[in-house]
Amino acid sequence: AQLNNLTPDEQLKVLVGCGYEQATATPGKTNKENLFPTLPGADLDLINQAFAGEISTPEAAIAHLVLKDFAGVGVMSFGGYDSHDGTATTSYQKRLGGAQRIATLFNYAFLLKKKLTVIMLTDGGMGKVVKDGVLQTQAVAPSNTPLGGQAFRAERPGDSDILSCAVCLTFDPNRTATQMLISTTHTQVGAFAKSGVKIDYLNTSNDPSKAALCMAYNWLALHGKEDEIKKVNSGVDPFAGRDNAKYLIFKGSKV
């Protein structure tokens, strides 16, 4: 009854959302023989190798759909990374697990000799804890190993209502890092000061939609088509102007 009260567009949105939520849990309930029933033996061996036999997972299924050209984009959600206990240890273990899951995607791309780009979005990914003007620290590494001497690490906060972090990772079997990166030393979009994130530095610092567009902008740049960002932004290039170069990390194959 509630669905019938919605407009056709709203109904479609609800149905797609429901289907996606159910689909993310489906691989874990399905054995691998049924999950990839039409794969030739060699292909099944390859995906087993890439994911160390753990292919009844959302990431294995989604990676297969994307890298075998059944889908253009795949979405995965990993949760529980915030440091709500006031230390970095718990979240470190979660981040390590997340990194390993992402690594399996690139392992599969490497074995298939296919291009792959992963864009990682977080909320509250950057920050520090300051109380009464004093930076709060801990004398252990995220792995809970004592640092020794006078070394310390800053405590990390939990959720942030105003900060986020986006990371773009890419692999091309036919190009080296030097051929894809404008700088192979250190490049980031945005800036930080001792007081924290500089929210007035670039338009990605205070507009989440611009941060997402910047990821798309760099993906297009990998193909030498950054001008096409206008097609997904109402005909406007949000990064045009004197700061244009500060938004680019990747470059096209002809550059």
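Each residue of the sequence shown is one higher than the one before, starting from 1214 at the first, in the working numbering.
Note that the Cβ used here is the ideal one computed from N, Cα and C, for glycine as well.
Of the residues the options, the one placed nearest residue i, counting alpha carbons only
i: L1382; options: A1404, P1421, L1334; result: L1334
i: D1420; options: P1451, V1445, L1435; result: P1451
i: Q1392; options: A1316, I1268, F1463, A1273; result: F1463
i: A1284; options: F1291, A1276, T1400; result: A1276
i: L1325; options: C1378, I1315, S1290, D1258; result: D1258
i: Y1321; options: R1455, F1384, M1428; result: F1384
i: T1330; options: Q1224, P1386, H1399; result: P1386
i: V1286; options: K1328, K1438, T1389; result: K1328
i: T1398; options: A1390, K1459, H1436; result: A1390
i: A1263; options: P1221, L1318, G1310; result: L1318
i: V1402; options: H1436, G1437, K1459, F1323; result: K1459
i: L1388; options: G1465, C1378, R1308, L1278; result: It is Arg, not Leu, that sits at residue 1388 in the sequence shown. With distances taken between Cα atoms, R1388 lies closest to G1465.
Assigned exposure category for residue i - 16 Cβ within 10 Å defines buried
i: S1457; result: Here residue 1457 is Asn; the residue named in the question, Ser, does not match the sequence. Exposed, because fewer than 16 other Cβ atoms sit within 10 Å of the Cβ of N1457.
i: A1434; result: buried
i: L1280; result: buried
i: V1380; result: exposed
i: V1288; result: exposed
Residues sharing a beta bridge with residue i, DSSP
i: T1383; result: T1330
i: L1394; result: F1463
i: T1335; result: C1378
Cα-Cα separation between residue i and residue j, rounded to whole angstroms
i: S1396; j: W1432; result: 16 Å
i: A1214; j: L1461; result: In this prediction, A1214 has a pLDDT of 48, which is less than 50 and means its spatial position is unreliable; what the coordinates show is noted afterwards. Rounded to the nearest angstrom, the two C-alpha atoms are 49 Å apart.
i: L1219; j: A1273; result: 35 Å
i: G1254; j: E1441; result: 41 Å
i: V1226; j: T1270; result: The sequence given here has Lys at residue 1226, not Val. In a straight line, the C-alpha of K1226 is about 25 Å away from that of T1270.
i: V1468; j: G1266; result: Here V1468 scores only 43 on pLDDT, less than 50, and its place in the model is too uncertain to base an answer on.
i: I1315; j: D1413; result: 32 Å
i: V1449; j: L1426; result: 11 Å
i: E1439; j: D1256; result: 35 Å
i: N1416; j: K1423; result: 7 Å
i: S1290; j: I1332; result: 12 Å
i: K1444; j: F1405; result: 31 Å
i: K1411; j: I1268; result: 42 Å
i: L1394; j: R1455; result: 20 Å
i: G1311; j: N1261; result: 19 Å
i: N1446; j: Q1306; result: 38 Å
i: Q1313; j: Y1430; result: 26 Å
i: T1400; j: G1437; result: 19 Å
i: L1309; j: F1323; result: 21 Å
i: C1378; j: S1418; result: 10 Å
i: D1282; j: Q1224; result: 28 Å
i: A1453; j: N1217; result: 45 Å
i: D1222; j: M1428; result: 27 Å
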